[in-house]
Amino acid sequence: MKSFLKIQAKLIALIVILASCQSKPQEEKLKPLVKHVILIGSDGFGAYAFLKAKVPNLRKLMEEGSYSLNARAVLPSSSAVNWASMIMGSGPELHGYTEWGSKTPELPSRIIGKGDIYPTIFSLIDAQSPEAKKGVSYTWGGIGYLFEKGMVDLDFNGPTDEETKDRALEFMVNEKPALTFIHFTHPDNEGHEIGHDTPEYYEAVEKIDDLVGEIVKTLEAHDLLNDTAIIFTSDHGGIGKGHGGKTLLEVEIPWIIYGKNLSAKGKLNSSVVTYDTAATIAHLLGLETPDFWRGQPVMEVFNEPEM
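Going by our numbering, the sequence shown opens with residue 97, and the numbers climb by one from there.
Okay, here's the thing in structure tokens:
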């Protein structure tokens with residue numbers, strides 16, 4: 097009996113030792129949800145524009161995808177600070193771009209990456225998927241100061257939104273990039289020159305909607321739409337002929353995400369801030385985000401609603 101108890105004790109001890117020696121299961125590596133992401137940004141496109149403008153192409157993306165018309169810009173609600181936040185996954189307190197026309201950080205960036213600026217979504221792709229193509233096609237030249245030029249395969253500053261769109265589409269069709277960032281300068285121009293909430297402003301909004309429709313149509317024609325996620329958003333809204341203030345008309349922006357292999361949630365309940373865009377793109381492409389980013393993926397887009 098004593099012999100049996102000793103053997104039993106040894107067996108139990110061996111089981112405990114073997115269990116403790118087993119390595120902890122490694123965290124499952126993120127898997128890409130899509131092959132391609134297109135980030136379309138329309139300068140000065142306030143969320144309030146949806147109340148009066150005719151935007152059938154954007155509304156279709158909203159109906160078949162997920163959206164918020166209560167997403168928020170960071171403060172100040174102006175251009176460079178918000179475009180930087182959108183692709184840098186953090187606010188101005190960390191990346192340091194604090195003014196509408198910032199070309200270099202007024203506040204020293206908390207982190208400096210290999211591209212000599214605060215790391216953007218492009219540097220994440222470059223580090224984790226070095227073979228992946230990526231590009232930026234933009235109309236406002238100020239965008240050119242906000243990303244790592246040495247890490248992209250397309251750096252095109254178009255003279256018009258139409259040409260910016262055409263060059264981006266050529267790049268997408270021919271190169272099949274992981275990420276394409278398209279920046280349109282309208283309706284910001286009309287907002288400053290004529291005024292927000294004017295017929296001219298809404299006409300410019302409707303032209304942006306046409307450009308979005310052309311992008312979707314081209315992707316479909318080249319059999320790319322099934323593997324693509326499209327995010328449409330803006331940097332800020334505006335009142336009168338200006339922006340940068342703390343009113344909802346200036347701060348609230350549209351945030352729309354669409355993909356044929358993504359769940360269609362419709363109106364989102366999540367509180368979306370513009371720096372969540374970079375983190376959401378990273379999640380779509382199966383990339384790990386750095387600890388110093390403050391943005392979070394908008395997980396409501398991906399998770400099924402609780403029963």
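Every residue gets a Cβ at the ideal spot worked out from N, C-alpha and C, and that includes glycine. These numbers come from a predicted model, not from an experiment.
Beta bridge counterpart(s) of residue i as assigned by DSSP
| i | result |
| --- | --- |
| D251 | V232 |
| S164 | W351 |
| I335 | G338 |
| H132 | T324 |
| V369 | R168 |
| K361 | Note: K361 sits in no beta bridge, so no partner. |
Secondary structure of residue i, DSSP reduced to three states
| i | result |
| --- | --- |
| S138 | strand |
| H191 | helix |
| E244 | coil |
| T329 | strand |
| H282 | coil |
| L321 | helix |
| T376 | helix |
| L275 | strand |
| K210 | coil |
| V397 | helix |
| R390 | coil |
| G287 | helix |
| G237 | helix |
| K156 | helix |
| L383 | coil |
| V112 | Per-residue confidence for V112 stands at a pLDDT of 39, beneath the threshold of 50, marking its modelled position as unreliable; the derived number appears in the next sentence. DSSP places V112 in helix when its eight states are reduced to three. |
| E346 | helix |
Beta-carbon gap between residue i and residue j smaller than 8 Å
| i | j | result |
| --- | --- | --- |
| S257 | L307 | Inspection of the sequence shows that residue 257 is occupied by Asp rather than by Ser. For D257 and L307, yes; Cβs fall inside 8 Å. |
| H279 | Y241 | no |
| A378 | I217 | yes |
| P386 | P215 | yes |
| M268 | L320 | yes |
| P350 | A176 | no |
| S164 | S359 | no |
| H339 | G197 | no |
| L275 | I311 | no |
| V130 | N357 | yes |
| G334 | H292 | yes |
Endpoints, alpha helix (DSSP H) assigned at residue i
| i | result |
| --- | --- |
| G309 | 295-317 |
| R263 | 257-271 |
| N178 | 175-184 |
| Q224 | 217-224 |
Kindly confirm or deny that the segment 170-182 and the segment 147-154 touch, where touching means at least three C-beta pairs closer than 8 Å. no
Are the segment 199-211 and the segment 157-164 touching, with three or more C-beta to C-beta distances below 8 Å? no
Contact the segment 313-332 vs the segment 290-302: 3+ CB pairs below 8 Å: no
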